[in-house]
Amino acid sequence: MTKTRVTLLAALAALIALAVFGGCRSAHTTSAILYIEQEQYQKAIDVITEGLYFQPDDAEGYYYQGEAYSRMAQQAIDENDYLLAKNSFTSAYGKFMQARQMDPEGLTDRVAESLDINYRNTLREGQTMWRERHYEEAEGFFRLAYAALPDSLESVKSLAGMKIQQAEVATPDSASLLRNEALTLLDQVLVTKPEAYRLLADKAYVLTQLDRTDEAQVIYDQLLTEHGDDAELLLDVVGLYNKQQRYADAGQLFLRIADLYLNDTQPDNDEQLKGLYAEAGYNFRLASDYERAIDAYGLASEQDVTDVQIMLERQQLYLQYGQDLLMKSTETMTSDPAAAARLKTDGMAVLQRGVEVGVALTNLAPNNADAFLFLANTQGLLGDETGYTENMKTYQELSGNQ
Numbered sequence: 028m029t030k031t032r033v034t035l036l037a038a039l040a041a042l043i044a045l046a047v048f049g050g051c052r053s054a055h056t057t058s059a060i061l062y063i064e065q066e067q068y069q070k071a072i073d074v075i076t077e078g079l080y081f082q083p084d085d086a087e088g089y090y091y092q093g094e095a096y097s098r099m100a101q102q103a104i105d106e107n108d109y110l111l112a113k114n115s116f117t118s119a120y121g122k123f124m125q126a127r128q129m130d131p132e133g134l135t136d137r138v139a140e141s142l143d144i145n146y147r148n149t150l151r152e153g154q155t156m157w158r159e160r161h162y163e164e165a166e167g168f169f170r171l172a173y174a175a176l177p178d179s180l181e182s183v184k185s186l187a188g189m190k191i192q193q194a195e196v197a198t199p200d201s202a203s204l205l206r207n208e209a210l211t212l213l214d215q216v217l218v219t220k221p222e223a224y225r226l227l228a229d230k231a232y233v234l235t236q237l238d239r240t241d242e243a244q245v246i247y248d249q250l251l252t253e254h255g256d257d258a259e260l261l262l263d264v265v266g267l268y269n270k271q272q273r274y275a276d277a278g279q280l281f282l283r284i285a286d287l288y289l290n291d292t293q294p295d296n297d298e299q300l301k302g303l304y305a306e307a308g309y310n311f312r313l314a315s316d317y318e319r320a321i322d323a324y325g326l327a328s329e330q331d332v333t334d335v336q337i338m339l340e341r342q343q344l345y346l347q348y349g350q351d352l353l354m355k356s357t358e359t360m361t362s363d364p365a366a367a368a369r370l371k372t373d374g375m376a377v378l379q380r381g382v383e384v385g386v387a388l389t390n391l392a393p394n395n396a397d398a399f400l401f402l403a404n405t406q407g408l409l410g411d412e413t414g415y416t417e418n419m420k421t422y423q424e425l426s427g428n429q
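For the sequence shown, our numbering puts the final residue at 429, and the numbers step up evenly by one.
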C-alpha cells in the first residue's frame, strides 16, 4: 500500500468522528468508511449502494465508493489480478466523476487528489518496469493507468514509446507488429491532441520505419516549417531521407544539426560534433558529392586529429574521388580533350591529397592494414610504382595475404 494511501486511511478515523458527532454524513457512508479502514472494500461498496437507494443525491456516497474501488484495485494489483484491478479503476473513475458532478464545490479537489494517486502510482510503476525492460508488466501498468484516469494520455504516450523502442531490437515481423500497435496508440492520442508536436514526430518516425515514407514526408514537412531548429526532429528526418536515398539532403541536415550544437549553450553537445560531421561526410559520399564530403570529413578530423577511423574514411574518399575524376577524364577524351585534361589534373591533385592523408595515417596507425592498402592503390594511380610496391607489401604482411 502506498504511503499516500496509508495517510488517507489514517485520516478516516477523524472523518468518522466528524460524521458521528457532526451529523453531516449518512449512516451508510459512515459504515462504508469503517469497512474501507478494515479493508473490506466490497462491503463498503455494497452498503453505499444500499444507502444511495434511499438518498440518491449523496455525493459523498459516490466519492467513498470511488475510494473503495480504488483500494480494491490496489489490492488486486498486489495479488496479480490485473483484470480486477482494471475493472476496479474504471469503476472508481466513474464514481469519482459522479461525485464531482453532484458537488463540484465540495469534492473537486478531493476527487482530483484521489484520481492522481491512482494514476501516478500505476504510471510510475509502468515506467519503472519499462526502464528495467520488463515490457509485458510495463504494458499492464500503463493500461491500468489509463483505466484509472482516461482524461490524461501520458500512459498511452508512454506505451507507444515503449513499443517503438521494442521494435528497434525485434525481429522484422515482430517489429512491424509493434510499430503498427504504436501507430494505433499515437493516433488515439492525436484524436484529442492533433497539434501535439512530439507525438506527430513520433508518428512520422513510425511511418518511416514501416516504409510509409510518403505519409511521413507530409508530417515532417509540416513540422520542419514550425520546428526547424529542433535537432531531435532533424535526426528523425535524416532517417526518412536515408530511406528515400536522399543522401545529399541527409548530409545537409547533419551539418545543420552541427551548427545548432555549435551555437547552443550546452557544452555536452560539442562532443557530438565529430560524429555529426563524419555522418555528413558519409552521406555526401553516398550521393557522390565528393567536394562537400571532403569538407565535412575535414571538419570531423579537426575535432580529433587522432581518430584513425575518420582518417581512414577520408583516405578512401580521396581515392574514390580521384578514381571518379580519372574515369570521367577518359570518357570525355574524344569529345572534349581540354575538359578531359582538366579532369585528369584535378584527379591527380585529389589523389596526391589522398597520399598525404595516407602517409599521416600510416604513421599514426602503423598496424592498420587497410591504411597501407588504400595508400598503395592511391600511389599506383599516381604512377608511383615504388610507393605502391612497398606499401602493398606492408599491407600483405599485416593482413596475412602474402
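Just so you know, even glycine gets a beta-carbon here, dropped at the ideal spot from N, CA and C.
Other residues of its chain near residue i: CB distance less than 6 Å, five sequence neighbours each side excluded
| i | result |
| --- | --- |
| ALA174 | LYS113, PHE116, THR117 |
| TYR415 | ALA403, GLN406, GLY407 |
| GLY278 | ALA307, ASN310, PHE311 |
| TYR109 | GLY167 |
| ASN303 | Sequence inspection shows Leu at residue 303; the Asn mentioned does not correspond to that position. The residues are PHE281, ILE284, ALA285. |
| LYS230 | LEU213 |
| GLY209 | According to the sequence provided, residue 209 is Ala. The question's Gly does not apply to it. Same-chain partners within the cutoff: ALA187, LYS190, ILE191, VAL233. |
| TYR224 | none |
| PHE99 | The sequence shown places Met at residue 99, rather than the Phe named in the question. Result list for MET99: TYR68, SER115, in chain order. |
Coil, strand or helix - residue i by DSSP
| i | result |
| --- | --- |
| VAL218 | coil |
| LEU35 | The predicted model places LEU35 with a pLDDT of 48, which falls under 50 and marks its position as unreliable; any figure quoted below should be read in that light. Here LEU35 sits in helix by DSSP. |
| VAL236 | Per the sequence presented here, residue 236 reads as Gln, with Val not at that position. In the structure shown, GLN236 sits in a helix (DSSP, three-state: H, G or I). |
| GLN350 | helix |
| GLY255 | coil |
| LEU176 | coil |
| SER315 | coil |
| THR372 | helix |
| ALA223 | coil |
| ASP229 | helix |
| ARG273 | coil |
| GLN293 | coil |
| ASP286 | helix |
| ASP248 | helix |
| THR361 | coil |
| ASP241 | helix |
| ASP322 | helix |
| VAL264 | helix |
| VAL382 | helix |
Alpha-carbon spacing of residue i relative to residue j, whole angstroms
| i | j | result |
| --- | --- | --- |
| SER58 | ASP200 | 55 Å |
| LEU261 | TYR288 | 12 Å |
| GLY49 | GLN92 | Confidence in GLY49 is poor, its pLDDT being 38 and thus under 50, which makes the residue's placement unreliable; the coordinate value appears in the next sentence. The alpha-carbon atoms of GLY49 and GLN92 are separated by roughly 21 Å. |
| LEU150 | ARG158 | 12 Å |
| LEU171 | ARG206 | 21 Å |
| LEU180 | ASP257 | 24 Å |
| ALA187 | PRO221 | 16 Å |
| GLY78 | ILE104 | 28 Å |
| ASP73 | GLU66 | 13 Å |
| THR421 | ASN428 | 10 Å |
| LEU251 | SER356 | 41 Å |
| ASP322 | SER362 | 31 Å |
| PRO393 | VAL384 | 13 Å |
| ASN418 | ASP334 | 21 Å |
| GLN249 | TYR345 | 38 Å |
| LEU352 | ASN390 | 28 Å |
| THR413 | ARG341 | 23 Å |
| VAL196 | ALA202 | 8 Å |
| ASP411 | GLN350 | 15 Å |
Own chain partners of residue i with C-beta closer than 8 Å, once the 5 adjacent residues on each side are dropped
| i | result |
| --- | --- |
| ASP331 | LYS301, ILE337 |
| LEU409 | MET375, LEU378, GLN379, VAL382 |
| LYS270 | THR235, ASP238, THR240 |
Spatial neighbours of residue i in its chain, beta-carbon cut-off 7 Å, leaving aside the 5 residues before and after
| i | result |
| --- | --- |
| GLU94 | ILE63, SER141 |
| SER426 | ALA396 |
| GLN299 | TYR288 |
Beta carbon proximity, residue i to chain B, threshold 7 Å
| i | result |
| --- | --- |
| VAL216 | Absent here is chain B; the protein component of the structure consists of one chain. |
At which residue ranges does the region 37 to 125 contain complete alpha helix (DSSP H) runs of 4 or more residues, listed in the order of the chain? Listed in chain order, the alpha helix (DSSP H) elements of length 4 or more contained wholly in the region 37 to 125 are 54 to 64, 68 to 81, 86 to 105.
Alpha helix (DSSP H) segments (min. 4 residues) lying fully within the region 179 to 213: Note on the region 179 to 213: whole alpha helix (DSSP H) runs with a minimum of 4 residues are 181 to 194, in chain order.
Fully enclosed by the region 393 to 427, which alpha helix (DSSP H) runs are 4 residues long or longer? If we require 4 residues or more, the alpha helix (DSSP H) runs fully inside the region 393 to 427 come out as 396 to 408, 412 to 426.
Closer than 8 Å is the cut-off here; do at least three beta carbon pairs connect the region 122 to 140 with the region 150 to 167? With a cut-off of 8 Å, the region 150 to 167 and the region 122 to 140 do not count as touching, because too few Cβ pairs lie within range.
The region 156 to 172 in contact with the region 129 to 137 per 3-pair CB rule at 8 Å: Touching, no.
In chain order, what are the residue ranges of uninterrupted alpha helix (DSSP H) at least 4 long that sit wholly in the region 130 to 178? The region 130 to 178 contains, as complete alpha helix (DSSP H) runs of 4+ residues, the segments 131 to 158, 162 to 175 (chain order).
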